[in-house]
Every structure is written in structure tokens, then in C-alpha cells.
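The next block holds one structure in the form of C-alpha cells; read it before the comments.
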Amino acid sequence: MGSKKHPQQSTPPTKKAPTFLLELPLAVQAGQAARLGGHLETGRQFYNAVLSEGQQRLRRMKADPAWQAARAIPRTHTQERRAAFSALREQYGFSEYAFHELAKALRVTWLAEHLDAVLAQTLATRAYQALNRVCVGKAHRVRFKSRGRGLSSIENKRNDTGLRFVVQTQDGGRRKGYLLWHNDQLEALIDWDDPVVTHGLSQRIKYARLLRRRASSPRAQGADSQGGRYFVQLALEGVPLQKPEHAVGSDTVGLDLGPSSIAIVPREAEARLEPLCAELRPDARAIRRLQRRMDRQRRAANPEHYDEKGRPRKRGKGAPRWKQSRGYQASRRRKAARERKLAAHRKSLHGRLVHQIVAVGHTIVTEKISYKGWQKRYGKSVGLRAPGMLIDHLRRTVASTGGTLHEVPTRSTKLSQFCHGCGQTVKKPLWQRWHHCSCGIGPVQRDLYSAFLAAYLDPAEPLPSCAQYVVPWEGAEARLRAAHERVKERAKEGQVLPRSMGIPRAGARLPESRSEPTQEPAFSLRRGRLEAWRGRENPRGLGPGSIQYFTSNV
Ligand SMILES: [Zn+2]
Numbered sequence: 154m155g156s157k158k159h160p161q162q163s164t165p166p167t168k169k170a171p172t173f174l175l176e177l178p179l180a181v182q183a184g185q186a187a188r189l190g191g192h193l194e195t196g197r198q199f200y201n202a203v204l205s206e207g208q209q210r211l212r213r214m215k216a217d218p219a220w221q222a223a224r225a226i227p228r229t230h231t232q233e234r235r236a237a238f239s240a241l242r243e244q245y246g247f248s249e250y251a252f253h254e255l256a257k258a259l260r261v262t263w264l265a266e267h268l269d270a271v272l273a274q275t276l277a278t279r280a281y282q283a284l285n286r287v288c289v290g291k292a293h294r295v296r297f298k299s300r301g302r303g304l305s306s307i308e309n310k311r312n313d314t315g316l317r318f319v320v321q322t323q324d325g326g327r328r329k330g331y332l333l334w335h336n337d338q339l340e341a342l343i344d345w346d347d348p349v350v351t352h353g354l355s356q357r358i359k360y361a362r363l364l365r366r367r368a369s370s371p372r373a374q375g376a377d378s379q380g381g382r383y384f385v386q387l388a389l390e391g392v393p394l395q396k397p398e399h400a401v402g403s404d405t406v407g408l409d410l411g412p413s414s415i416a417i418v419p420r421e422a423e424a425r426l427e428p429l430c431a432e433l434r435p436d437a438r439a440i441r442r443l444q445r446r447m448d449r450q451r452r453a454a455n456p457e458h459y460d461e462k463g464r465p466r467k468r469g470k471g472a473p474r475w476k477q478s479r480g481y482q483a484s485r486r487r488k489a490a491r492e493r494k495l496a497a498h499r500k501s502l503h504g505r506l507v508h509q510i511v512a513v514g515h516t517i518v519t520e521k522i523s524y525k526g527w528q529k530r531y532g533k534s535v536g537l538r539a540p541g542m543l544i545d546h547l548r549r550t551v552a553s554t555g556g557t558l559h560e561v562p563t564r565s566t567k568l569s570q571f572c573h574g575c576g577q578t579v580k581k582p583l584w585q586r587w588h589h590c591s592c593g594i595g596p597v598q599r600d601l602y603s604a605f606l607a608a609y610l611d612p613a614e615p616l617p618s619c620a621q622y623v624v625p626w627e628g629a630e631a632r633l634r635a636a637h638e639r640v641k642e643r644a645k646e647g648q649v650l651p652r653s654m655g656i657p658r659a660g661a662r663l664p665e666s667r668s669e670p671t672q673e674p675a676f677s678l679r680r681g682r683l684e685a686w687r688g689r690e691n692p693r694g695l696g697p698g699s700i701q702y703f704t705s706n707v
């Protein structure tokens with residue numbers, strides 16, 4: 154179908170403050186329920202009347218030969234096509250604005266007693282939106298509201314007149330909330346001890362919506378004689394309060410944090426190997442696209458700064474000033490907005506992970522890592538996932554629950570090199586994702602193994618010894634294997650995982666097929682940084698060697 158929006162709606166919306174909803178049940182007495190039922194029934198008839206008239210307008214408009222002519226305009230002629238459709242909509246009164254006018258005309262005296270003007274307008278908008286979906290081919294038909302089903306909701310646009318919600322403080326400091334409509338005061342059932350509710354009610358109310366839901370039976374608690382239950386939904390300005398997770402476990406948890414993954418091995422509970430903030434990748438991709446666009450725009454606006462081969466000229470004294478086009482400035486604003494969004498998203502992902510860890514144990518052992526060193530080596534990945542911030546967050550949360558985060562010095566522990574079977578410390582090259590020692594330990598994914606070693610380390614004496622691990626290993630080996638099995642399952646489901654996790658792929662080596670670590674490079678580095686990495690020593694405490702992932706995917 155492809156008709157365009159009415160110009161009235163194509164103007165960009167004003168910047169809206171974030172909104173969230175809070176729903177509260179209403180205590181409705183029999184008399185009130187009867188009156189509410191009457192209002193809603195009037196609303197239903199009014200909605201149907203608007204819908205019926207709107208449907209006739211839509212039919213007449215589509216029957217006009219000009220409609221077919223407008224449809225025949227090729228989509229490439231955007232302006233022309235849009236103008237043709239909008240002239241037709243104007244002519245036949247098929248727009249939100251025209252529907253509001255229609256609502257005014259239809260809201261005759263007997264109706265006005267039941268239905269305020271603003272509520273009539275929101276109903277007209279609803280009818281228009283339903284018909285417009287048919288008009289643009291997103292729906293086949295509209296549905297009139299039957300008497301039996303009735304109108305299940307009605308809403309206002311504002312909270313100062315008509316249907317509105319108020320919180321009153323009564324004598325003795327007790328607060329009560331009421332939905333006001335006409336002369337009725339409907340008390341909301343509010344749990345003032347619930348922080349989510351009290352937070353919501355301390356925000357500005359944009360508007361209220363009355364809902365009627367069918368109860369399981371007319372005799373259900375709080376239901377009216379037709380078996381309806383009433384609720385108020387408040388559209389509130391701001392963001393909802395997240396209930397803090399109170400669960401704090403008592404286990405000891407070993408962590409091995411890499412630039413793009415984390416291994417979590419508790420002494421008793423399930424072990425896990427997780428990619429770090431994998432959900433951030435689409436955001437990061439969008440930011441990179443904007444960055445490239447900015448580069449192009451800067452280049453286009455400043456040709457004098459580049460030589461004939463497109464290389465930037467050396468800047469010196471008297472060089473012309475760099476110009477910023479409007480497009481460039483717009484891209485920069487969009488990129489900044491995206492970056493803010495990414496930071497917020499990352500914070501929430503970190504928070505989720507921290508709570509998952511704290512829910513298992515309050516004693517956490519991990520190797521202290523130089524995040525600054527990481528920043529130098531894995532700039533992009535560390536910048537995106539911010540493992541340092543994750544550890545800070547974890548430290549604060551663990552402290553607030555009375556637990557401790559032990560960061561043991563990497564220099565002495567060398568958990569990523571140690572083997573508890575023979576007591577040797579052997580440096581693993583970065584490509585080697587598995588600990589598989591000739592003494593018979595393994596194969597086990599190296600991050601999980603490091604985290605296991607950390608879990609049983611004595612933080613007061615952080616030197617791993619063979620004896621302390623013999624017994625724990627019996628129970629842990631299967632758990633570590635299970636953790637890696639789950640990673641493999643996720644890879645099979647198509648989830649992209651860092652290569653450090655040791656998922657066999659085409660060209661990657663399986664642990665079973667390898668007996669001795671050879672120096673043959675097993676990477677497929679795309680950007681020729683292999684040379685730079687070869688010969689560099691294994692960064693201490695850096696469990697996973699996931700270079701390929703960083704250079705190619707981040
Ligand atoms: Zn060994």
C-alpha cells in the first residue's frame with residue numbers, strides 16, 4: 154500500500170523524557186463499579202462510532218481513482234508520492250487531526266456527561282491508529298468492540314483534569330492514592346513497603362490509564378458483578394527502580410578474568426565460562442559505523458588537509474582550520490548518544506554478572522591484574538568491556554554484603570602456568586587454550602583451570618601447592634568439563650564466543666589431538682599482528698589468550 158504519513162505526524166517528536174509504568178489494583182465498590190461500567194460502555198460506543206465513520210472515509214478514499222494514481226507513482230519519487238497521498242488524506246479527512254475534529258462533533262451532550270473531551274480524543278487517536286494500520290497494509294481489518302467484551306481500557310493525556318491519579322497525605326501521615334474520575338474516588342491498593350512502588354509514586358505522573366480485566370469469576374475477590382477487576386496504570390516520568398538482589402551465597406568463588414571472557418569456579422556450585430559483555434557488540438558496531446561516517450564527512454569537508462593520494466597532510470603553522478559540516482556535527486552528536494547508551498548498557502551487564510557471582514559466594518579469589526597493561530595490549534576490547542570497572546563493581550558489592558574480594562599477586566601465584574599434578578609452572582603460549590599436562594591433568598580449558606586453582610587458594614598464603622588441590626580436583630574436574638560442555642552447546646546454537654574459550658572450529662586444534670605444545674603458529678590473525686605477538690611473553694595473569702578475537706572482532 155505504501156501511503157505516507159500525514160505531514161502532521163511526520164514532524165519529529167519533541168524529545169521525550171523516559172517513561173515507565175506502574176500498575177496498581179483498585180478497590181472498587183459496587184456503586185462505583187456500576188458507574189465505571191457505564192462510562193466504559195459509553196467509551197465503547199463512542200470508539201465504535203469513530204471507527205465506523207473512519208472506516209467509511211477510508212473506503213471512500215481508496216475508491217477514488219486518484220488513490221490508484223498515487224499508488225502508481227514510483228517509490229523513487231518520494232516527494233511526489235507523499236504529496237499525492239497526503240492530499241487525498243486531507244480531502245477525505247483521514248488523519249489523526251481530522252479524527253479529533255470528528256470526535257468533537259460526535260461527543261454530543263449525553264455522551265459528554267460520561268466522557269471528557271481529552272478521553273474522547275485519545276479514543277479517536279486509537280481508532281485512527283487502528284484504521285491507519287489497514288490503510289498502510291499492516292492489518293487486514295479493524296475490530297469493533299462488542300458489548301460483551303467491552304472497552305478494556307481508557308486513558309488520559311494529562312494528570313491535572315479528568316481521569317487522574319492523586320496521592321493524599323491524611324491525618325497521621327498516612328498516604329493514600331486515588332484514581333479520580335467524574336465524582337468517584339477509587340482507592341488504589343498500595344504497598345508502601347515496596348520500594349519499587351514508593352519510588353514510582355515519587356515520580357511525576359504523566360497520565361493515568363484505567364484498566365478493566367476479566368476476573369476468573371464474578372465471585373473472585375475484588376471483582377464487580379460482571380466479573381471485572383479494575384486497575385490503574387500510571388505513566389511515570391523517569392526510570393523504574395530495580396529491586397536489589399539480596400541473595401548472598403556462602404561459597405568461595407575463584408575467578409579468572411580475561412579481556413573478553415570470565416571463568417567462574419565456585420568450590421561447590423556450578424562452574425561457568427562466560428563471554429564478557431557479549432551483548433555490547435551491536436552497540437559497538439553502530440559506534441564504529443558512525444566513526445567511519447565522521448571520518449568520511451571530515452575528509453569531504455577538508456580536502457585541503459589531504460594530499461592527492463588521500464593521505465593526511467602534515468600539520469604545521471599556518472595550516473588551514475579544520476571545518477566541521479553540519480552532517481559531521483550531527484554524526485558526532487549521534488555517536489555521543491550511542492556511547493552514553495553503551496556505557497549504561499555495560500553498567501547493567503556488569504551489575505547482572507556481579508549479582509550472579511555474589512549470589513553464589515561472598516569470598517572471592519582472583520589474580521590481581523594490571524588493567525593498565527591490558528589497556529595497552531588489548532585497547533579496544535578492554536575499552537569496550539571495561540573489566541577493571543567490573544572488578545571495582547564486584548569489590549564494592551562484595552564489601553557491602555560483608556564478604557571479601559581477595560586479589561592475589563600474579564607474580565607469585567602464576568595460576569595460568571601452574572599444574573597441580575606435577576607442581577611445575579609452564580608458560581602457555583597464548584594460542585594454547587587448554588591445560589593438558591603430561592602428568593595426566595587435563596585436558597581442561599585453561600581459564601576454568603585457573604579459576605579452579607584460585608578457588609582453593611589460601612588468600613593469606615597465596616602460593617599454590619600440589620597437595621592442597623588433590624582432593625578438590627576429584628570433584629571439580631567434572632564440573633569444569635560440564636562448564637565447557639555448556640559453552641560448546643552455546644556455540645552450536647550459533648552464539649559467537651571468544652576464541653579463548655577453546656571452542657574447536659575449522660582450523661583450530663582440539664586438545665585431544667595435541668600431545669606436545671609445538672611452536673607452529675595456529676592462528677589466523679588477519680591484520681598481521683602475529684609477529685608482534687610471537688615472542689612476546691605471555692602476559693601474566695592473563696588467562697585466556699584471545700588475541701584473534703580482539704584483533705578481528707572487536
Ligand atoms: Zn602436570
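Heads up: the sequence shown begins at 154 in our numbering, then just goes up one per residue. Ideal Cβ positions, reconstructed from N, Cα and C, are used throughout, including at glycine. Model, not experiment: these values are computed from the prediction.
Three-state secondary structure (DSSP) of A251: Reduced to three states, the DSSP call for A251 is helix.
DSSP-derived helix/strand/coil call for G246: Of the three classes helix, strand and coil, the one that applies to G246 here is coil, per DSSP.
Spatially closest choice to G353 from S591, R549 and P171, by CA coordinates: The candidate whose alpha carbon is nearest that of G353 is P171.
Check: I594 C-beta below 7 Å from any heavy atom of ligand 3: Here the bound small molecules are ligand 1; ligand 3 is not part of this structure.
Exposure of N312, with buried meaning 16 or more beta-carbon neighbours within 10 Å: Buried, by the Cβ-count rule.
Limits of the unbroken alpha helix (DSSP H) element including K359: Not the alpha helix (DSSP H): K359 falls in the beta strand (DSSP E), residues I358 to R367.
Inter-residue spacing [alpha-carbon to alpha-carbon] between G325 and W345: Their backbone Cα atoms lie some 15 Å apart in a straight line.
Cβ-heavy atom distance, Q482 to ligand 1, below 7 Å: No.
Residue environment, E390, which counts as buried when at least 16 other CB atoms sit within 10 Å: Flag for E390 reads exposed.
T557 beta carbon less than 8 Å from that of V401: The answer is no: Cβ separation not under 8 Å.
Contact test: Q570 Cβ vs ligand 1 heavy atom, cutoff 7 Å: Checking the Cβ of Q570 against ligand 1 gives no.
Through-space distance from V418 to F605, alpha-carbon basis: So the two alpha carbons sit approximately 6 Å from each other.
For R599 and W587, the rounded distance between their alpha carbons: One alpha carbon belongs to W587, the other to R599, and they sit about 5 Å apart.
Complete runs of the alpha helix (DSSP H) confined to the region 179 to 227 [at least 4 residues]: Within the region 179 to 227, the complete alpha helix (DSSP H) segments of 4 residues or longer fall at 183 to 216 and 218 to 225, listed in chain order.
Unbroken alpha helix (DSSP H) run spanning T550, endpoints: For T550, the enclosing alpha helix (DSSP H) covers residues P540 to S553.
F173 versus V349: straight-line alpha-carbon distance, rounded: Their Cα atoms are separated by approximately 12 Å.
Sufficient close CB pairs (3 or more, under 8 Å) joining the region 459 to 469 to the region 502 to 521: Note that the region 459 to 469 does not touch the region 502 to 521; fewer than 3 beta-carbon pairs, one per stretch, sit closer than 8 Å.
Distance between K645 and A607 (C-alpha atoms, nearest Å): C-alpha separation (whole angstroms): 29 Å.
Inter-residue spacing [alpha-carbon to alpha-carbon] between Q321 and R538: For Q321 and R538, the distance between alpha carbons rounds to 46 Å.
Buried or exposed by the 16-neighbour rule on C-beta atoms within 10 Å, applied to T405: Counting Cβ neighbours within 10 Å, T405 comes out buried, since at least 16 surround it.
The region 249 to 257 touching the region 274 to 292, judged by at least three CB pairs closer than 8 Å: Enough Cβ pairs lie closer than 8 Å, so yes.
Any 3 or more C-beta pairs closer than 8 Å across the region 190 to 197 and the region 265 to 273: With the rule of 3 Cβ pairs closer than 8 Å, the region 190 to 197 counts as touching the region 265 to 273.
Per-residue DSSP class, three states only, for F173: Residue state, collapsed to three classes: strand.
K521, enclosing alpha helix (DSSP H) - first and last residue: No alpha helix (DSSP H) contains K521, which is instead part of the beta strand (DSSP E) from G514 to K521.
Inside the region 244 to 327 only - alpha helix (DSSP H) runs reaching at least 4 residues: With a minimum length of 4 residues, the continuous alpha helix (DSSP H) runs that stay inside the region 244 to 327 are 249 to 259, 262 to 265 and 270 to 288.
W475 classed as buried or exposed, judged by whether at least 16 other C-beta atoms fall within 10 angstroms: The Cβ neighbour count for W475, taken over all protein chains shown within 10 Å, is under 16; the residue is labelled exposed.
Rounded straight-line distance, which links the Cα of H503 to that of M447: The alpha-carbon atoms of M447 and H503 are separated by roughly 30 Å.
Beta-carbon gap between L429 and A416 smaller than 8 Å: Judged by beta-carbon spacing, A416 lies beyond the 8 Å limit of L429, meaning their Cβ atoms are not closer than that value.
Separation of R652 from S414, as counted between CA atoms: So the alpha carbons of these two residues sit roughly 10 Å apart.
Candidates L650, R210, G526 and M654, of which the one nearest A431 by Cα: Cα-wise, what sits closest to A431 is L650.
Sufficient close CB pairs (3 or more, under 8 Å) joining the region 301 to 312 to the region 353 to 366: Cβ pair count under 8 Å is three or more, so yes.
As assigned by DSSP and simplified to three states, the class of L443: In the three-state DSSP reduction, L443 falls in the helix class (H, G or I).
Any non-hydrogen atom of ligand 1 within 7 Å of C590 CB: True, at least one ligand heavy atom lies under 7 Å from that Cβ.
For G469 and Q450, believed in contact at Cβ under 8 Å, the rounded distance: Taking C-beta atoms under 8 Å as the contact rule, Q450 and G469 fail to qualify, at a distance of about 24 Å.
At least 3 beta-carbon pairs within less than 8 Å: the region 236 to 250 vs the region 206 to 215: A contact exists between the region 236 to 250 and the region 206 to 215.
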